[in-house]
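Inspection log for the structure reproduced underneath, given as structure tokens.
In this note's numbering, the protein residues as written are 32 to 185.
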């Protein structure tokens, strides 16, 4: 939800994006604490609506921590997609660090590459259990990179 026009400073798009980059560039090591703030700031920087509070719209078609009922041989498990918008995207967030003691893994290492690849497959594994397959499956290392994959609908 965008703030009402009177409630927000009208900052040109370039300025909003520069502010976003300055705040988040190089942040590290606290995925759970940072991912919602990061994506809310990204929505603001891009000038798009932020998700409404979870539970306000049946089925939560645009939300953080999207509940996904995953069916497997032993029953049903509820997993959570970090950020989801039905018909648009599913994002799995991680946050690496510049040392091995911070975040998912040290950025620029084989361990980091493996962790980000696992994040992609984690996100991809949720898609069969969604109402519709999102056209974009995205992984994000908060403060470092966003990787986009285009799904084939079928």
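Here a beta-carbon is modelled for each residue, glycine too, at the ideal position from N, C-alpha and C.
- Contact between residue 105 and residue 97 does not hold, since the beta-carbon distance rounds to 22 Å and is not under 8 Å.
- In the structure shown, residue 126 adopts coil according to DSSP, grouped into three states.
- Judged by beta-carbon spacing, residue 156 lies beyond the 8 Å limit of residue 118, meaning their Cβ atoms are not closer than that value.
- Bridge partners of residue 168 according to DSSP: 121, 180.
- Bounds of the alpha helix (DSSP H) holding residue 48 are 44-55.
- When the beta-carbon positions are compared, residue 146 and residue 123 stay at least 8 Å from each other.
- When the beta-carbon positions are compared, residue 167 and residue 181 come within less than 8 Å of each other.
- The beta carbons of residue 142 and residue 154 sit no closer together than 8 Å.
- Secondary structure at residue 96: strand, using DSSP grouped into helix, strand and coil.
- The three-state secondary structure of residue 113, taken from DSSP, is strand.
- Of all alpha-carbon atoms in 99, 173, 108, 47, the one lying nearest the alpha-carbon of residue 116 is that of 99.
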